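Worksheet: one structure, shown below.
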Amino acid sequence: LKLRGQRVITEFSKYNNTLAFSAGNEVNHFVPLGEGPQWNGPCLKKFVKDMRMYASKCRHIRNVPIGLIMADTNREENTLYYNCQDEDDDKKDDRYDYAEWYGINTYVYCNGTASTLKEALGFQTLEQSFASYNYSIPVLLTEYGCLSQTFPTVDGYEAQRNFNQAKWLGDRSVQNDFAGGLAFEYSIEAANAHTPFPFKEFGEQNYGIGYFSPADCDDITIPCEYKRTPSFYNLQRAYAQAQPENITMDEFEPDVYRTGRSVCPDIFPKLNSFHWGTDWRPSLICPSLSHELFTCPAGGGSSAASASATGNNTRHLTGKALLCIIILSTIITFIVLQLLEVTRSKKYHQVLTGRANLLHTKNGNDTSETNSLVVSLQKNDLDGLHNGYLSIASRSDSE
């Protein structure tokens, strides 16, 4: 698991549209019956720590935040645990004990008749909970969109969610605690749906805001077409009404009481109380400088096709700039080749003239050896030019 996580980070950090890495999704659900989050929490937290340590030590890996996603159970304990650091640890690596962002899958706005934030009591309670934590890392609602039969029927589709929480996430008061969220989900999962196609009846697992049609499509032999439900357009309108503040990193100043670590809940054992076998397993070798730059293949169509992974300190090479470099390199190569050919031709002419004169003096009008020498030199000249071009072209490509 440690090596697999490092491979994922190494591979995907070079793409500038990779926004974050998640160490796991709802791992707190995978515990024996009757056990609490402390049963596997330390293992997940150690994985987050190992991934953060690896990324921090590789200077050619772009800094992408590493966090995790939890189901909304034991809300306070889990939230505080992944933002805390063991108080008695003094090792420098222990500064990686906590996550860089925290995601929570929560379905708390389930009353379809509530149209304002004040009426959505479950969402209000969620907001109040996180306000009380004085959290110092970003929090995302990584799943939201509760299903309920209290939502209205629209165009024959039952229980169409209005997604008001997508609009509320743009409110300044809500943004104090939540950095955004992800509506769940894009398409209805036919395998989990317990209602007939095209899913117009209410289903407890029909979270999708659309579905693929026809029912037996596989996109191999039968093409699939995405069909939007009324919930799709409700979400679209809610996003359009959101008014985010869009503060830049340079402008952002967190409140003083939200700059420290949370207090670790007592139910969790300390990480250093375990013997971790992964500590003795070597990590991947950090990627080289060539890993930093990713260029989209020709025809990508975007001016942001190539992006440096070193951040603001490295300029992005656009497609036009690369084309100019290639053209310039070709012109320089051609000029160098012509100069080489002229130089070598003069040299060989001098050699041939001297050799021919020598043969003429020695053998009279017998020029057979001279002709043989001319053919030999011309062949060597062509081979030399060919090898020189390959050498110049290789150097140009590498530079």
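So for the sequence shown, our numbering puts the first residue at 1; every next one is plus one.
Each residue gets a CB set at the ideal place from its N, CA and C atoms; glycine is no exception.
From a predicted model like this one, the values you see are computed outputs, not experimental measurements.
Among N74, R52 and F12, which has the Cα closest to the Cα of V27? Taking the first residue of the sequence shown as position 1, residue 27 is located at position 27. Taking only the C-alpha atoms, the option nearest V27 is N74.
Which runs of the beta strand (DSSP E) at least 3 residues long sit entirely within the region 203 to 289? Give them in chain order. As far as the region 203 to 289 is concerned, its whole beta strand (DSSP E) runs of at least 3 residues are 210 to 213 and 225 to 228.
At least 3 beta-carbon pairs within less than 8 angstroms: the region 198 to 212 vs the region 266 to 285: No, they do not touch.
Residues that I137 bridges to, as DSSP identifies them: Taking the sequence shown and counting its residues from 1, one reaches residue 137 at position 137. Residue pairing of I137 in beta bridges, as defined by DSSP: absent, with no partner found.
Thinking C-beta only, is Y157 closer than 8 angstroms to P230? Here residue 230 is taken as the residue at index 230 of the sequence shown, counted from 1. Here residue 157 is taken as the residue at index 157 of the sequence shown, counted from 1. With respect to Y157, P230 sits close: the two C-beta atoms are nearer than 8 angstroms.
Could you check what DSSP says for S13 in three-state terms: helix, strand or coil? Sequence index remark: in the sequence shown, residue 13 carries index 13 (1-based). S13 falls in the coil class under three-state DSSP.
Span separating the alpha-carbon of A131 from that of A159: Here residue 131 refers to the residue found at position 131 when the sequence shown is read from its first residue. Here residue 159 refers to the residue found at position 159 when the sequence shown is read from its first residue. Each residue's alpha carbon lies about 31 angstroms from the other.
Under the three-state reduction of DSSP, which class applies to N162: helix, strand or coil? The count along the sequence shown starts at 1 and reaches residue 162 at position 162. Correct three-state label for N162: coil.
Within 8 angstroms, strictly: CB atoms of T18 and P287: As a first step, residue 18 is located in the sequence shown; it is residue number 18 there, counting from the start. As a first step, residue 287 is located in the sequence shown; it is residue number 287 there, counting from the start. For T18 and P287, no; Cβs fall outside 8 angstroms.
Hey, quick one: how far does the beta strand (DSSP E) through G24 stretch, first residue to last? Locating residue 24 in the sequence shown gives position 24, counting from the first residue. Start and end: F21 to N25.
Since G67 is in the alpha helix (DSSP H), which residue starts that stretch and which ends it? By one-based count along the sequence shown, residue 67 stands at place 67. Following the DSSP letters along the chain, one finds G67 in no alpha helix (DSSP H) but inside the beta strand (DSSP E) bounded by residues I66 to A71.
Assuming the contact rule is C-beta atoms closer than 8 angstroms, Q175 and E245 should be a hit. Round their C-beta distance to whole Å, please. The residue labelled residue 175 in the question sits at position 175 within the sequence shown. The residue labelled residue 245 in the question sits at position 245 within the sequence shown. The Cβ separation is near 6 angstroms, so the contact holds.
With a CB to CB cut of under 7 angstroms and the five nearest residues on each side skipped, what residues in its chain are close to A242? The residue labelled residue 242 in the question sits at position 242 within the sequence shown. In its chain, beyond the 5 residues on either side, A166, K167, L169 and G170 have a beta carbon closer than 7 angstroms to the beta carbon of A242.
Can you find a heavy atom of the ligand MG that lies under 7 angstroms from the Cβ of H29? Looking at this structure, you won't find the ligand MG or any other ligand, since it has none at all.
Give the range of the alpha helix (DSSP H) segment to which Y54 is assigned. As a first step, residue 54 is located in the sequence shown; it is residue number 54 there, counting from the start. Looking at the DSSP string, the run of the alpha helix (DSSP H) that includes Y54 is G41 to K57.
Per the DSSP calculation, C296 is bridged to which residue(s)? Translated into the one-based positions of the sequence shown, residue 296 becomes position 296. In the DSSP secondary-structure assignment, C296 is not bridged to any residue.
With C-beta atoms as the reference, is A99 less than 8 angstroms away from N83? Position 99 of the sequence shown, counting from 1, holds the residue named residue 99. Position 83 of the sequence shown, counting from 1, holds the residue named residue 83. Contact annotation: A99 and N83 have beta-carbon atoms nearer than 8 angstroms.
Cα-Cα, which of I104, F151 and D94 is closest to S115? Counted from its first residue, the sequence shown places residue 115 at position 115. If you compare the alpha carbons of I104, F151 and D94 with that of S115, the shortest gap goes to F151.
Drop a sphere of 10 angstroms on the beta-carbon of N192, count the other beta-carbons inside from all chains shown, and report buried for 16 or more, exposed for fewer. Your numbering for residue 192 matches position 192 in the sequence shown. When all chains shown are included, N192 counts as exposed.
A20 and V64 closer than 8 angstroms at C-beta: Along the sequence shown, read from residue 1 onward, the residue named residue 20 stands at position 20. Along the sequence shown, read from residue 1 onward, the residue named residue 64 stands at position 64. Yes, they are a contact pair.
Give the secondary structure of N401 by DSSP, where H, G and I count as helix, E and B as strand, and everything else as coil. A question about residue 401 goes unanswered here, because the residues of the chain that appear run from 1 up to 399.
What is the DSSP secondary structure of L121, counted as helix, strand or coil? Taking the first residue of the sequence shown as position 1, residue 121 is located at position 121. Helix, per DSSP.
For a quick check, are the C-beta atoms of N111 and F163 less than 8 angstroms apart? If you number the sequence shown from 1, residue 111 lands on position 111. If you number the sequence shown from 1, residue 163 lands on position 163. In this structure, F163 does not lie closer than 8 angstroms to N111 by Cβ.
Given a cut-off of 8 angstroms, decide if K45 and R281 are closer than it, judged by their beta-carbon atoms. Position 281 of the sequence shown, counted from the first residue, corresponds to residue 281. Position 45 of the sequence shown, counted from the first residue, corresponds to residue 45. No, these two residues do not count as a Cβ contact at 8 angstroms.
Rounded separation between Y239 and I69 - CA only: Counted from its first residue, the sequence shown places residue 239 at position 239. Counted from its first residue, the sequence shown places residue 69 at position 69. If you draw a straight line from the Cα of Y239 to the Cα of I69, it is about 23 angstroms long.
Would you please state the rounded distance, in angstroms, between the beta carbons of V139 and D177? I believe it to be under 8 angstroms. In the sequence shown, residue 139 corresponds to position 139, counting from 1. In the sequence shown, residue 177 corresponds to position 177, counting from 1. In this structure, V139 and D177 form a Cβ contact; the two beta carbons are roughly 6 angstroms apart against a cut-off of 8 angstroms.
Nearest-angstrom Cα distance between H194 and G203? Counted from its first residue, the sequence shown places residue 194 at position 194. Counted from its first residue, the sequence shown places residue 203 at position 203. H194 and G203: Cα-Cα distance of roughly 6 angstroms.
Candidates Q205, A179, R62 and S173: which alpha carbon is nearest E185's? As a position in the sequence shown, residue 185 is number 185, starting the count at 1. The candidate whose alpha carbon is nearest that of E185 is Q205.
Where does E143 sit, in a helix, a strand or coil, going by DSSP? In the sequence shown, the residue the question calls residue 143 occupies position 143. In the three-state scheme derived from DSSP, where H, G and I count as helix and E and B as strand, E143 is classed as strand.
Residue closest to V108, alpha-carbon to alpha-carbon, out of T79, G24 and L147: By one-based count along the sequence shown, residue 108 stands at place 108. Ranking T79, G24 and L147 by Cα distance to V108 puts L147 first.
State the CB to CB distance for the pair Y96 and M53, rounded to an integer number of angstroms; the pair is presumed to be in contact (CB under 8 angstroms). Residue numbering aside, residue 96 sits at position 96 when the sequence shown is read from its first letter. Residue numbering aside, residue 53 sits at position 53 when the sequence shown is read from its first letter. With a contact defined as Cβ atoms closer than 8 angstroms, Y96 and M53 qualify at about 5 angstroms.
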